[in-house]
Every structure is written in C-alpha cells, then in structure tokens.
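If you use the working numbering, the sequence shown corresponds to residues 133 to 337, in order.
I have placed the structure first, in the form of structure tokens, so that the comments after it can refer back to it.
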Amino acid sequence: MKTAFATLALAASASAFAPAPVNTKSTSTQLSEFANGLVGGESVEPMFIGETGSKNFDPAGLSERAPEWVNWFREAELKHGRQAMLATVGLVVPEFVRVPGAQFSFEAIPNVIDAHDALIDTSMKQILLFVSFAEAMSLAALSNMNEFDRQPGDFGFDPLGMYPKDAAKRKEMQLKELKNGRLAMVAIGGMIAGAQISGHGFPYV
C-alpha cells in the first residue's frame, strides 16, 4: 500500500507542472489578459516551449478547449497547492514532536510515512470527516464560480488581516502563494517517495 501511495504522490506532484489555465483567443494575447488577469502566467521560469515560451504558458491548449473553466482550474490549483504546503509541514514536524497519545508516539510509529496505515481506523477517519466538512462548506462558492466577482481561492478568510488593501500588493501576495503552492506540490511527492525508498525520516537519506 505504501508503494502505491508513493506512486500516486509522484503522479500528483506532476500536476504542479501543468500549464496555468488561460482564457485567451489566440497565442498573441497580451500578458495582462492572460487567464482572465489572474497572476501566475508571468511566473514560470524561462522555458523555450511553444510559440509563447514562458509567457502565457499553455502547451496543452486548455485556454482554447475550455476557456469557461479557467477560474475552476485556478481554484483547483490553489486548493492542491495549499494542501501540499500543509502536507510538507505535516510530514516533517512529526519527525521531531508528536501530539499526546500513545498511538502517536515515536515508539508506536517510528517512521512518519507509516502513520497513515497505522492510524487508518482511528485518526484517518477524523481527518476524512474534517476534510469533507471543509469541502461541503465550499460547494456554494464553487457552484457559482463564474456568477459573481469572487476570485478563485478567495473565501474571505483572513483572521490576521494579512491580505493587503493595495491592488498591486494583493497580486504580489497571490503570486507568492501560487509559487509556493506549485513548489510544495512537487516537494511533497519527492518527500514521500524519498521516505518510502530510503526507509528513513527527514531528510530522507
């Protein structure tokens, strides 16, 4: 089961390389119009692929085949990126500290990668419940994705008031989240594969 999980993790991490969704009518579309103005099209590292290269990177032609799904693509990318960022932290922190409870101790689960199988009938069910609740809470926003001015990934959740008021700074923060999310999607696949192959904990060597 662990081998299958590692394989799935590697496959999932490849989604981080998927082209950012766009809503353009031609490859000559200006950068300001790329993906309905969403950030990320200009963030791809230098590549020489297709007619546009790193700018407006869309080798799969998603913008032409499904322009109405652009916001949904970005919503999915942000959700997976956020989950991956949490997962990378969740895979490393238990190597050094555990929550109270004998079933979570270092003696019960020496390797963090084994936690899923070891807790499949207990904690994993609780996690599934919490995740299902979070997904259910977002259904209304997702079902009306293109019906109002909500930005993909924006649930108005900002308890610390960190989201800037200035439009330029908002785009900067959005780009930082997007880049870190893409990196995390690649990282978590590599971390799980490294843990499985090496049989060791962090740093998996």
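Heads up, the beta-carbon is just placed ideally off N, CA and C, and yes, glycines get one too.
Predicted, not measured: the structure shown is a model, and the values here were computed from it.
### Query
Got a sec? Which residues, its chain only, sit under 8 Å from Ile270 by beta carbon, not counting five neighbours each side?
For the purposes of this step, residue 270 is identified with residue 138 of the sequence shown, where counting begins at 1. According to the sequence displayed, residue 270 carries Ser and not Ile. Taken in chain order, the residues that qualify are Phe287.
### Query
Which ranges would you report for the alpha helix (DSSP H) in the stretch 235 to 323 if only whole runs of at least 4 residues count?
Within the stretch 235 to 323, the complete alpha helix (DSSP H) runs of at least 4 residues are 247 to 250, 255 to 269, 271 to 275.
### Message
The alpha helix (DSSP H) that contains Leu196, what's its start and end?
### Response
Start at 1 with the first residue of the sequence shown, and residue 196 comes out as number 64. At residue 196 the sequence reads Glu, which differs from the Leu that was named. Start and end: 194 to 197.
### Message
I need the DSSP call for Gly326, collapsed to helix, strand or coil.
### Response
Taking the sequence shown and counting its residues from 1, one reaches residue 326 at position 194. Collapsing the DSSP output to three states places Gly326 in a helix.
### Query
Is Gly321 buried or exposed, if buried means 16 or more other CB atoms sit within 10 Å of its CB?
Position 189 of the sequence shown, counted from the first residue, corresponds to residue 321. Result: buried.
### Spatial distance of Ala307 from Ala299 (CA atoms)
Translated into positions along the sequence shown, residue 307 becomes position 175. Translated into positions along the sequence shown, residue 299 becomes position 167. The identity of residue 307 in the sequence shown is Leu, whereas the question assumes Ala. Going by the C-alpha atoms only, they are around 12 Å apart.
### Task
Could you check the C-alpha separation between Glu279 and Ala268 for me, to the nearest Å?
The sequence position of residue 279 within the sequence shown is 147, counting from 1. The sequence position of residue 268 within the sequence shown is 136, counting from 1. The alpha-carbon of Glu279 is positioned some 19 Å away from that of Ala268.
### Query
Roughly how far, in whole angstroms, is the beta-carbon of Ala167 from the beta-carbon of Arg206, given that I think they are within contact range, below 8 Å?
In the sequence shown, the residue the question calls residue 167 occupies position 35. In the sequence shown, the residue the question calls residue 206 occupies position 74. With a Cβ gap of about 7 Å, Ala167 and Arg206 count as contacting.
### Message
I believe Arg314 touches Gly213 by the beta-carbon criterion, under 8 Å. Please report the beta-carbon distance rounded to the nearest angstrom.
### Response
Residue numbering aside, residue 314 sits at position 182 when the sequence shown is read from its first letter. Residue numbering aside, residue 213 sits at position 81 when the sequence shown is read from its first letter. That belief holds up - the Cβ atoms of Arg314 and Gly213 are roughly 6 Å apart, short of 8 Å.
### Query
Is the beta carbon of Gly333 sitting closer than 8 Å to the one on Val225?
Here residue 333 corresponds to residue number 201 of the sequence shown, with the count starting at 1. Here residue 225 corresponds to residue number 93 of the sequence shown, with the count starting at 1. Contact flag unset, no.
### Message
My assumption, with CB atoms under 8 Å, is that Leu210 sits in contact with Gly285. Please give the rounded CB distance.
### Response
What you label residue 210 is simply residue 78 of the sequence shown in a count that begins at 1. What you label residue 285 is simply residue 153 of the sequence shown in a count that begins at 1. Distance from Leu210 to Gly285 at the Cβ level is roughly 4 Å; contact confirmed, criterion being Cβ atoms closer than 8 Å.
### Query
Per DSSP, what kind of secondary structure is Arg206 in: helix, strand or coil?
Within the sequence shown, residue 206 is the residue found at index 74, counting from 1. DSSP places Arg206 in helix when its eight states are reduced to three.
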